[in-house]
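Structure record follows, encoded as structure tokens.
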Amino acid sequence: MSVTNLRTFVKTLAHTPRLVVASIAQQTIPSLAQFRTMPSADPSIFAHNNESHTTRAECPFANLAQPMVETSPSQCPFHAHNAVAPASITHPVDLVVRHSTFITTDKSATLLRDIGGGDRIRECCTRFYARAFLDVQLKPFFFEDDGATAHGQRLADWIIEKMGGEGTPWSDSGRFGMRQPSHFKAWNCEKRDPAVRGDHFNLTDTRTWMRVHFWAARECGLDQHEAFWG
């Protein structure tokens, strides 16, 4: 995925549930490459602690206290955690967006399969939410408290359906059409300061969203797939 394709894909994230990068397209896109290529994430950039967000059953990637290591399927009832095969796609894959809507193509479906399938996206989104829940900029928006695995499933299902090749998990879940109601709840979440409650996501919110997301993707090894990442 070239930088141009990454910018295109980020624009489509305006259709994701929960926090979005709706305001990022005009103001933040030029700076995304520096976040994507950060050699390592400095934990001091992100305010977080070592407290577990929840004691419910979770994917191991939801536990920030555990190192990111290969996880066998027997250790996780949610995701496959399959060993990643060498990439067969090494050239940039063009993504198609028409009228601000991501268009599924055979190429995008093939790319999803080549990175290891939908569960690679679910694993990454789980890790993302584990970090986002503890980030001082992002956590006031979260009105659901069902854990990183469940949050990751919702976001990942949308991405997987958009990329194609694995059915329609987002639509089949019954969440179709819930994007805007979810945004409204996030903007008006009682965790937000009353002075800004009701305000839409701003530039700092969207930049933080992307930085944490790229951090999680690197932790999950998605940066090692040249066509997807570079």
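Mapping of the sequence shown onto the numbering used here: residues -1 to 228, in sequence order.
Glycine is no exception: its CB is placed at the ideal position from the N, C-alpha and C atoms.
Note that the structure is a prediction, hence the values are computed from the model and not measured.
- The three-state reading of DSSP puts R152 in helix, counting H, G and I together.
- Leaving aside the five residues that flank T147 on each side, the residues in its chain whose CB is nearer than 7 angstroms to its CB run, in chain order, E56, C57, A60, F76, T124.
- For T108, no beta strand (DSSP E) encloses it; the enclosing alpha helix (DSSP H) starts and ends at 104 to 112.
- At least 7 angstroms separates the beta-carbon of I101 from that of V91.
- DSSP, reduced to helix, strand and coil, places R96 within a strand of the structure shown.
- Proximity of the segment 208 to 223 to the segment 112 to 127 meets the contact definition, three or more beta-carbon pairs being nearer than 8 angstroms.
- Excluding five sequence positions before and after W168, the CB atoms of its chain that fall closer than 6 angstroms to its own CB belong to D155, W156, E159, given in chain order.
- A Cβ-Cβ distance of about 48 angstroms is found for the pair T88 and E188, leaving them out of contact under the 8 angstroms criterion.
- The criterion of a C-beta distance shorter than 7 angstroms is satisfied by T206 and Q135.
- Under DSSP, I101 takes part in a beta bridge, and its partners are V94.
- Across the structure, R54 and Q151 are spaced so that their CA atoms are roughly 15 angstroms apart.
- Sequence-distant partners of D112 (beyond 5 residues in either direction) whose C-beta falls short of 8 angstroms from its own C-beta, in its chain, are A85, S86, I87, H223, A225, F226.
- V210: member of the alpha helix (DSSP H) spanning 201 to 217, first to last residue.
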